[in-house]
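S.K.:
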Amino acid sequence: GERVSNLDELTFGLCGEYVVKTEQGNEFPAQLVFRTTAVDDKGRLKVDDHLRVEGQEDIYAIGDICGTEDPNLAYVAREQANLVYANLAAATASDQTTKPWAQNALPMKIALAVGSQRAIGLTASGDLAPEPHIIGFKSRDLMSGMIWESMGLKSP
1 GERVSNLDEL TFGLCGEYVV KTEQGNEFPA QLVFRTTAVD DKGRLKVDDH LRVEGQEDIY
61 AIGDICGTED PNLAYVAREQ ANLVYANLAA ATASDQTTKP WAQNALPMKI ALAVGSQRAI
121 GLTASGDLAP EPHIIGFKSR DLMSGMIWES MGLKSP
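Those letters in the sequence shown? Residues 1 to 156, by the UniProt record's numbering.
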């Protein structure tokens, strides 16, 4: 990680056109900037077992920026998003029962599309995943269909 040198020039949490400058002289264009001090040694946001950013009750982190030990895969981010969604819904309901994220508990470690007709995958137990299964959810459209469907939209 690099320390930001122009914090006083940035507006946090609002969309705009920014240039984040570091003490090492690097510059990064950004449209949205968040201030956070809760980062781990890999530069990811520290989260609790419900994927809330450390020290924040109402801010969640999922996917690659999330400081869990899970692999950085779209599949993991999607499952984390599903959990956060379910927990937000539960928190606003009368029972308010939420579930923690179980790190490294997903059945797949990796799924790799090799064109639209071939694929290979590795399960969490280290076994090869059945190719038809991987083709079904990854190779056909690189999971874009699932993303469109999750938003209630028809894939183009």
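Don't be surprised by glycine CBs; every beta carbon is placed ideally from N, CA and C. Note that the structure is a prediction, hence the values are computed from the model and not measured.
1. With a threshold of 16 other CB atoms inside 10 Å of the CB of Gln80, please say whether the residue is buried or exposed.
2. Determine the extent of the alpha helix (DSSP H) in which Arg78 is found, giving its start and end residues.
3. Give me the DSSP bridge partner(s) of Leu10.
4. Between which residues of its own chain and Ile110 is the CB-CB distance below 8 Å, once the five residues before and five after are set aside?
5. DSSP on Pro132, reduced to helix/strand/coil?
6. Going by the beta-carbon positions, is the gap between Leu101 and Leu51 smaller than 8 Å?
7. Count the other C-beta atoms from every protein chain shown that fall within 10 angstroms of the C-beta of Tyr60, then say buried if there are 16 or more, exposed otherwise.
M.R.: Per the coordinate set shown:
1. Counting from 1 along the sequence shown, the entry for residue 80 is found at position 80. Buried, since its Cβ has 16 or more Cβ neighbours within 10 Å.
2. Position 78 of the sequence shown, counted from the start, is the residue given in the question as residue 78. Boundaries of the alpha helix (DSSP H) harbouring Arg78: Ala74 to Thr92, taken from the DSSP string.
3. By 1-based counting over the sequence shown, the position of residue 10 is 10. For Leu10, which the question treats as bridged, DSSP gives no partner whatsoever.
4. Taking the sequence shown and counting its residues from 1, the one referred to as residue 110 is at position 110. Excluding positions up to five away in sequence, the list reads Pro71, Leu73, Gly121 and Leu122.
5. One-based indexing of the sequence shown puts residue 132 at position 132. Residue state, collapsed to three classes: helix.
6. Numbered from 1 along the sequence shown, position 101 holds the residue referred to as residue 101. Numbered from 1 along the sequence shown, position 51 holds the residue referred to as residue 51. Looking at the sequence itself, residue 101 is Trp, so the reference to Leu does not match. Yes, the Cβ-Cβ distance between Trp101 and Leu51 is below 8 Å.
7. Residue 60 sits at position 60 when you count from the first residue of the sequence shown. Buried is the call here.
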